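Okay, so here's the structure we're looking at.
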Amino acid sequence: MSLAVDADQQALAESVAAFARKTAPLAQTREHLSDYTAGTMPAEAWTALCEQGLHALHLPATYGGDDCGLATLTVAVEQLSTTLFPGPYLPTVTASALAMAAADAQALLADFGAGMTGAVATGPDLRATRDGDGWVVSGTSDPAIGLPGAERVVVRAAIDGDPEASVWFWLDSVDVVASGTTDPVEVPAVQLTTAEAVDLTRSLGRAAFEAYRVDPARVLGGIDPAVAQLWTTTLAAAEATGICRWCLDTTVDYVRVRHQFGRPIGSFQAVQHKTAFMLVRAEVTSAVTWDAARAESQPAEQRLLAAASAALTALPAAIDQAVDCVSLLGGIGFTWEHDAHLYWRRAIALAATVGGEDAAARELGERCLRAERDFAFVTAETLPALRATVGAVLDEVRTLPDDEIATAGWAPARGAARRARLAAAGLVAPHYPPPYGLGAGPADQAVIAEEFARRDLTQPELGIGGWVLPTLIEHGDDEQRARFVTDTLLGKIIWCQLFSEPGAGSDLAGLSTGARKVDGGWMITGQKVWNSQAVEADWAVCLARTDATVPKHAGLTYFLIPMDADGVDVRPLRQATGIWEFNEVFLDEVFVPDTQVVANPGDGWRIAVTTLSNERLAMGSATFGHGSSTLVRRLLESGDHAGTRDDAVRVLGRNTALELSVAALNLRNAVIRMNGSAVGAGAGDSVRKVWHAIAQRDASRALVSVLGPRAAVGAPEQPYTFDFLGLPAILFGGGTIEIQLDIIARRVLSLPR
Ligand SMILES: Cc1cc2nc3c(=O)[nH]c(=O)nc-3n(C[C@H](O)[C@H](O)[C@H](O)COP(=O)(O)OP(=O)(O)OC[C@H]3O[C@@H](n4cnc5c(N)ncnc54)[C@H](O)[C@@H]3O)c2cc1C
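When we follow the numbering used here, the leftmost residue of the sequence shown carries the number 1270, and every step to the right adds one.
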């Protein structure tokens, strides 16, 4: 999916993509590469772009713009990047956005509104010193995209003696004189050197200032550094998403048709998984870019957090995506004639000009020591009627005795007066359909969660019941729903899931536990394994084979088994963490009446898929646990980290970026659903599951590095390593990473078998 999240943005994306394909097909761009890198591009493409108003989408109407805001502008930037639109679009819209952020840039905005091209020159070497009422600037800028050929240049120079403060001003093309030419005006010239550009579709250059006296009329006052950072980074991240998207599409097209060993290479699992992961990466890049654009209307510290997160996640991702694309294209992808290297080059140049990964990690690490990213997507005014109704119930709940009985492990607390009131009001699982829940969509759920939090109340957990109940609501009969749903919501029934077997894990449909038809029911015999909560559970959902003569998926049946039935033997298993959380369960001639079969014999696989997708959904949306920024921050605050403070801050930055990308993926998914889209027809759950598992894995691993020698010490002195050892629950739950990548490759990307 593109960055567009609603119908208007989608329409803009489609029209910009069509315009770019028609106006600047890549074959045509290739004929003019030397002009683009020199900044002397043919004028037609730029003129056509301005005629479409794309240069001014974000500018105020006074300057011919649409005042569209950052999010909509990113949609256009992404589409132009997907087709590798040549020339200075990115530096121009970045420069004009900075002009918008200034208090007094009318003349400059008029120039940009009229279609002048722009660039932004910055860098640590550019220094401004006070000279009377004005400023004198010396030093050389970092390489700046689009500088050669730019008609207007926005410059930022750090104020000598105050590294946090900057002076912003602008130059016109008369001020900027190419190296070796004579200065045509009286003011000291700014010398421009054109650099050899890695990105062959636009120019790159440095501006050297020697005691340059800034014209006071061209000082851009009042630019908020947070606004500048947000627009600059987010627009670059939008280009990164376009690159990710092109690389994915190109790879998918190629692996479908390229044959080796007598088969399309897209039918090999190694190729499928790499391609499927490219889709995950593209989605993550979109999500963090979308989240950064969302920060436009938020306070300064939020803008800085979101910008640093996008810089750390989206820009390196585009490079990785391009490298994966080239790898999967094989030798052809490494040729000059193939377009892949042009995208790869742009990805490298983008990441380099926005700043290195380490710097972004440090920036985010320092920022998140002071503030947390806000993912609230409803306001106090959202859904006032729901707020009032829920608030009234919760006020009443607070007056009831808090008599919940805690049970072992992570089993939910059992029935209590408070819970009964919540269940009656549909507030235990508000997303369930009435009468069990409120049929709450994402916004309703967010409002309800806020009302719970406001009163310091916790929403009840259902454990495995959380994915059993949606299954019974969808596939069970009236009697089963009446018997199980409400009692589970009340905490009177704890569930376990008897699916996995010693010989059937990922290949669940290959299970061998058998069910034999007897009068009035079934006799079940077999062995299940890795069954969480089986010791505490009252009931189990169980898959067993009822017909061995049909293909394996067709011969399964979904049973409901009381855990105290004759013939059920639960034996706890000790996990790598040292504690007993899962079990093996032996079933020896366990009688299950026909009334405890869900749907019909043979429907088991279809129904189990509902259970597993709800489990996957829960895993993909779970709160970040191991290696979370909270844990790393605690180590930094106590000074108990290994290595230097800077090492630990960068780990904090990287772990926070992983955490924020997971949250952004979830929030964007919720917003798209609210806007009425199906979110990739189920792909969203697998994408989120894969990314959450990988993010958890990498963050946990990084946490161990910050602990240093203390990682070898166990709980209770040091609980973090224990947390890390629990990681497989996230990696395997709802299907392993490999199985999810299989699902994405086959069902979403339709790669050949
Ligand atoms: C903490 C925890 C709690 C659990 N709770 C429950 C529970 O309550 N109920 C229950 O029924 N089960 C439960 N499980 C089991 C879980 O569902 C399985 O572990 C999971 O499905 C994988 O099966 P397996 O362990 O047999 O591994 P296998 O399927 O043997 O897989 C081993 C490795 O091979 C890979 N692999 C397998 N097939 C393929 C393939 N076709 N292509 C590529 N790679 C492949 C896997 O990705 C994995 O990396 C739990 C597991 C854990 C860790």
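C-beta: ideal position from N, C-alpha, C; glycine also.
These numbers were taken from a predicted model, which means no experiment stands behind them.
Quick check: the Cα distance between residue i and residue j, rounded to an integer number of angstroms?
i     : j     : result
K1291 : L1323 : 15 Å
G1333 : H1700 : 45 Å
G2003 : G1732 : 13 Å
R1957 : V1931 : 7 Å
R1914 : P1393 : 23 Å
I1492 : W1437 : 8 Å
T1519 : V1549 : 15 Å
D1608 : G1625 : 25 Å
T1544 : T1554 : 15 Å
L1994 : P1653 : 44 Å
A1476 : A1984 : 57 Å
L1707 : L1738 : 14 Å
P1820 : L1934 : 37 Å
L1598 : L1611 : 14 Å
A1661 : A1372 : 47 Å
D1872 : I1512 : 43 Å
T1363 : L1342 : 10 Å
W1559 : L1842 : 44 Å
D1916 : A1628 : 12 Å
At a threshold of 7 Å, does residue i count as lining ligand 1 (C-beta to nearest heavy atom)?
i     : result
N1800 : yes
T1879 : no
F2033 : Nothing in the structure corresponds to residue 2033, since the chain is present only between 1270 and 2022.
F1768 : yes
A1998 : yes
G1387 : no
S1775 : yes
Q1567 : no
E2007 : yes
D2011 : yes
Q1538 : yes
I1733 : yes
G1535 : no
F2001 : yes
C1765 : yes
G1779 : no
G1873 : no
G2004 : yes
Under a Cβ-count criterion, where at least 16 other Cβ atoms within 10 Å of its own Cβ denotes burial, should residue i be classed as buried or exposed?
i     : result
S1566 : exposed
S1907 : exposed
W1404 : buried
S2019 : exposed
W1605 : exposed
Q1529 : exposed
A1312 : exposed
V1754 : buried
E1347 : buried
T1740 : buried
D1954 : buried
F1603 : exposed
S1271 : buried
D2011 : buried
Q1766 : buried
V1878 : exposed
W1679 : Any reading at W1679 is ruled out, since the residue's pLDDT is 40, under 50, leaving its predicted position unreliable.
With DSSP as the reference, please indicate the residues paired to residue i in a beta bridge.
i     : result
D1431 : I1428
Y1481 : V1406
V1810 : Q1766, L1829
P1841 : N1852
T1463 : G1474
P1533 : H1528
R1396 : S1407, A1427
Q1796 : F1855
W1791 : K1786, V1861
F1721 : None; F1721 has no bridge partner.
L1440 : V1422
Is residue i near ligand 3, going by C-beta to nearest heavy atom under 7 Å?
i     : result
Q1965 : In terms of ligand content, the structure shown lacks ligand 3 and carries ligand 1 instead.
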